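Have a look at the structure below, then the notes.
See the structure below:
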């Protein structure tokens, strides 16, 4: 094929900045360049030794090629999976030694809480003397909202700084956005204080957990007495937790409550604490809805059948990326997986995963946990404090950190705890509850068809089934025949299928299997991360031969959204760069439609070395971290001194 190239030709072309002469040269020169490249790879101090061995030995094949899987040693396969746990971590003090106090940048220096003991600078002149050069002449925040809240710390400050470093405000534009909430579900300081001091009231959750721990009338603690009729089950779901739990298994020991020495105080906080803790201000007369629990049949329905659902994606499924997918036609979006215990502790980094942009009209959050007490309390907390359309339980996470604690896929083997979690969360939520599962834990033992009817009985509104087991992770093809079988068993409950969707043809075949809809994307590799315009292709039923300039425009929009979300100061710029580089580690797998020998591209196919139709298309196809950094510099300026980057997932670390 005329676009195919060797590794030497590919990198020589990129080093020559796209000049045709860069591909020529004697064989000796090419070998010298390859040696230099290997020396550069080996000299990266940030990469762990095992990773360097993999880069030199494995070449371009990667770990997800089925045909190569049989030839590899088990040790090599294991080394290529999971996360790069020893990857470098760039902290703010690595790239900004002298930082200005936030109170100064916000125009209230006299209100600095730390006073003379503050470790940040208060002298604007001193800060500006040491501040790195601006990255551009236009600030996206100033141009969009009429005001940049980062003032002198903005890396594009020349666009809105006047005499004496005064921050200029475009009043006409600022008034248009005044009072509008662009991003919802933020963690307030008051709520964070209540969670950290354990003053938040979990009235409904505590009632459910007390009933769960109460022994049956026959004197036993636990056991399964699920012999009630369908009508009795409906009544038990629609009544209060104390009444409904006569027919459900019980848990005399709530494992994670041992970690909370103030549980008794938390449970005895009563109605008064609930009124103080609730962040929702109410006015007007008390209605039945305020004092009577909603029956499951009265809850808001989740009407998303046939819609395109962007799956929750760890690391890359952030708010700016979801805005990109929403623009291309995603109907339903979901935040990244959040750990319930971290949310209950008021961790700001975990609460950031729940943020919702105003353009996300159907939005849910995904929770991970292993025990009914923490999951039920977390569900009640979110029910009172944030705006979502559904809550999803992650029972499909395969990573060891989650699995060994009893969460994720492990819940599929812990049916008693699984039931208590689903029933408990459903009893405290006013929005639909959904569950995401895999086919099973072991590769050749499918158990999803046995669990799905139970999930329906427990009160879940929808199930999403990923067509692989935990042992398979993201290798091999998704079992869509099994997904079709489970879709029949799940009726009338909707079931969404997930796995190997990278073209409209894949989506059409999936919908023919009888599923209610399809969830697009997964972690390694991921359809929406490789080509976020996949949603447009599905809706318009076509293959889009998108140009390199259009793809670069998508990256520019992502950086603008990132600067809006994470900030335009040095810290925000570098956070945007970090997530851009993580995304580029997936984007390089895309092969332009015009270069393919056959359509469509398969999701587990590793692209060979090839020359694009222009320099940018070739640069975007590079599997070299240095080339990803070069793309980021075109958008966000030069990287800080001693900057290093290694992708989070080892599957993306091949060259």
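Residue numbers (full-length UniProt numbering): 1 to 655.
Heads up, the beta-carbon is just placed ideally off N, CA and C, and yes, glycines get one too.
In this text, all values refer to a predicted model and were calculated from it rather than measured experimentally.
query = To the nearest whole angstrom, what separates the beta carbons of residue 122 and residue 142, a pair I think is in contact under 8 Å?
reply = The sequence position of residue 122 within the chain shown is 122, counting from 1. The sequence position of residue 142 within the chain shown is 142, counting from 1. With a Cβ gap of about 24 Å, residue 122 and residue 142 do not count as contacting.
query = Using DSSP with H/G/I as helix, E/B as strand and the rest coil, what is residue 498?
reply = Position 498 of the chain shown, counted from the start, is the residue given in the question as residue 498. Here residue 498 sits in strand by DSSP.
key: Expected contact under 8 Å - CB spacing of residue 353 and residue 332 to nearest Å   = Here residue 353 refers to the residue found at position 353 when the chain shown is read from its first residue. Here residue 332 refers to the residue found at position 332 when the chain shown is read from its first residue. Contact flag wrong, Cβ pair sits at about 17 Å.
request  = Would you give the residue range spanned by the beta strand (DSSP E) that residue 428 belongs to?
outcome  = Residue mapping note: residue 428 aligns to position 428 of the chain shown, counting from 1. That residue, residue 428, is in no beta strand (DSSP E); its alpha helix (DSSP H) goes 415-428.
request  = Give the straight-line distance between the Cα atoms of residue 711 and residue 130, rounded to the nearest whole angstrom.
outcome  = The structure shown does not extend to residue 711, since the chain is modelled only from 1 through 655, so no value can be given for it.
task = Indicate whether residue 502 and residue 600 have their beta-carbon atoms separated by less than 8 Å.
result = Locating residue 502 in the chain shown gives position 502, counting from the first residue. Locating residue 600 in the chain shown gives position 600, counting from the first residue. Yes, the Cβ-Cβ distance between residue 502 and residue 600 is below 8 Å.
task = Check the Cβ-Cβ distances between residue 134 and every residue of chain C, and say whether any is below 8 Å.
result = Here there is only one protein chain, and chain C is not present.
inquiry  = Checking 8 Å against the spacing of the C-beta atoms, do residue 424 and residue 208 come in under that value?
reply    = For the purposes of this step, residue 424 is taken as residue 424 along the chain shown, with counting starting at 1. For the purposes of this step, residue 208 is taken as residue 208 along the chain shown, with counting starting at 1. Taking 8 Å as the Cβ cut-off, residue 424 and residue 208 qualify as a contacting pair.
inquiry  = In the DSSP output, what is residue 394 paired with across the bridge?
reply    = In the chain shown, residue 394 corresponds to position 394, counting from 1. 436, per the DSSP bridge assignment.
inquiry  = Between 568, 647, 623, 624, which has its C-alpha nearest residue 636's C-alpha?
reply    = Stepping through the chain shown from its first residue, residue 636 is reached at position 636. The option with the nearest alpha carbon to residue 636 is 568.
query = Exposed or buried, which one is residue 645 when buried takes at least 16 other CB atoms within 10 Å?
reply = For the purposes of this step, residue 645 is taken as the residue at position 645 of the chain shown. Buried, because 16 or more other Cβ atoms sit within 10 Å of the Cβ of residue 645.
query = Taking contact to mean at least 3 C-beta pairs separated by less than 8 Å, is the segment 572-584 in contact with the segment 473-484?
reply = No: the two stretches stay apart, fewer than three of their Cβ pairs being nearer than 8 Å.
ask   = Given a threshold of 16 other Cβ atoms within 10 Å of its Cβ, counted over all protein chains shown, does residue 519 qualify as buried or as exposed?
value = Along the chain shown, one-based indexing puts residue 519 at 519. Under this definition residue 519 is a buried residue.
ask   = Given that a residue counts as buried once 16 or more other Cβ atoms are within 10 Å of its Cβ, and exposed if not, what is residue 691?
value = In the structure displayed, the chain extends from 1 to 655; residue 691 sits before or after that span and is not available.
query = Can you give the Cα-Cα distance for residue 542 and residue 133, rounded to whole angstroms?
reply = Residue mapping note: residue 542 aligns to position 542 of the chain shown, counting from 1. Residue mapping note: residue 133 aligns to position 133 of the chain shown, counting from 1. Rounded to the nearest angstrom, the two C-alpha atoms are 45 Å apart.
task = May I have the straight-line CA-CA distance separating residue 359 from residue 158, to the nearest angstrom?
result = Reading the chain shown from its first residue, position 359 is the one you call residue 359. Reading the chain shown from its first residue, position 158 is the one you call residue 158. Going by the C-alpha atoms only, they are around 30 Å apart.
query = How long is the line joining the alpha carbons of residue 505 and residue 2, rounded to whole angstroms?
reply = If you number the chain shown from 1, residue 505 lands on position 505. If you number the chain shown from 1, residue 2 lands on position 2. If you take the alpha carbons of residue 505 and residue 2, they lie about 27 Å apart.
inquiry  = Starting from residue 213, trace the alpha helix (DSSP H) in both directions and tell me its first and last residue.
reply    = Taking the chain shown and counting its residues from 1, the one referred to as residue 213 is at position 213. Start and end: 203-213.
task = Return the bridge partner residues of residue 167 from the DSSP annotation.
result = Walking along the chain shown from the start, residue 167 turns up at place 167. According to DSSP, residue 167 bridges with 161.
request  = For residue 119, write down the residues that DSSP places opposite it in a beta bridge.
outcome  = Locating residue 119 in the chain shown gives position 119, counting from the first residue. The partner list for residue 119 (beta bridge, DSSP) is empty, contrary to what the question assumes.
inquiry  = Spatial neighbours of residue 486 within its chain, please: C-beta separation below 7 Å, excluding the five flanking residues on both sides.
reply    = The count along the chain shown starts at 1 and reaches residue 486 at position 486. Cβ within range, chain order: 448, 449, 452, 465, 495.
Between the CA atoms of residue 342 and residue 370 - distance to the nearest angstrom = As a working note, residue 370 is residue 370 in the chain shown. As a working note, residue 342 is residue 342 in the chain shown. Roughly 13 Å separates the two Cα atoms.
message = Rounded to the nearest angstrom, what separates residue 617 and residue 417 at their Cα positions?
response = Position 617 of the chain shown, counted from the start, is the residue given in the question as residue 617. Position 417 of the chain shown, counted from the start, is the residue given in the question as residue 417. Whole-angstrom Cα-Cα distance: 50 Å.
task = Compute the distance between the beta-carbons of residue 389 and residue 431, then report whether it is under 8 Å.
result = Taking the chain shown and counting its residues from 1, the one referred to as residue 389 is at position 389. Taking the chain shown and counting its residues from 1, the one referred to as residue 431 is at position 431. Contact flag set, yes.
request  = To the nearest angstrom, report how far apart residue 647 and residue 204 are at their CA atoms.
outcome  = The sequence position of residue 647 within the chain shown is 647, counting from 1. The sequence position of residue 204 within the chain shown is 204, counting from 1. In this structure, the alpha-carbon of residue 647 lies about 42 Å from that of residue 204.
ask   = Does the count of Cβ pairs from the segment 548-559 and the segment 622-630 closer than 8 Å reach three?
value = Per the Cβ contact rule, the segment 548-559 is not in contact with the segment 622-630 (fewer than 3 Cβ pairs under 8 Å).
query = Got a sec, what are the start and stop residues for the beta strand (DSSP E) residue 309 sits in?
reply = Numbered from its first residue, the chain shown carries residue 309 at position 309. 308-310 is the span of the beta strand (DSSP E), which, as asked, contains residue 309.
Short Cβ contact (8 Å threshold) for residue 395 with residue 408 = In the chain shown, counting from the first residue as 1, residue 395 sits at position 395. In the chain shown, counting from the first residue as 1, residue 408 sits at position 408. The answer is yes: Cβ separation under 8 Å.
Nearest neighbour of residue 533, chosen from 515, 553, 517 [CA to CA] = As a working note, residue 533 is residue 533 in the chain shown. Per the Cα distances, 553.
key: Residue closest to residue 384, alpha-carbon to alpha-carbon, out of 586, 186, 467, 6   = To locate residue 384, count along the chain shown from 1; it is residue 384. Comparing Cα positions, the closest option is 186.
inquiry  = Please identify the residue among 437, 154, 544 whose C-alpha is closest to the C-alpha of residue 96.
reply    = The residue you call residue 96 lines up with position 96 of the chain shown. Residue 96 has its Cα closest to that of 154, out of 437, 154, 544.
key: Residue from 631, 597, 151 whose Cα sits closest to the Cα of residue 584   = Position 584 of the chain shown holds residue 584. By alpha-carbon distance to residue 584, the top candidate from 631, 597, 151 is 631.
Inter-residue Cα distance where the pair is residue 212 and residue 588 = Position 212 of the chain shown, counted from the first residue, corresponds to residue 212. Position 588 of the chain shown, counted from the first residue, corresponds to residue 588. Cα to Cα, residue 212 sits roughly 50 Å from residue 588.
task = Run the CB neighbour count on residue 11, radius 10 Å, all protein chains shown included, and call it buried at 16 or more, exposed below.
result = To locate residue 11, count along the chain shown from 1; it is residue 11. Residue 11 comes out buried.
message = So, with DSSP's three-state summary, where would you put residue 389?
response = On the chain shown, position 389 is the one that residue 389 refers to. The answer is coil: DSSP assigns residue 389 none of H, G, I, E or B.
ask   = For residue 108, which option in 151, 136, 196, 202 has the closest C-alpha, if you only look at C-alpha atoms?
value = What you label residue 108 is simply residue 108 of the chain shown in a count that begins at 1. Selected option, being the one with the closest Cα: 151.
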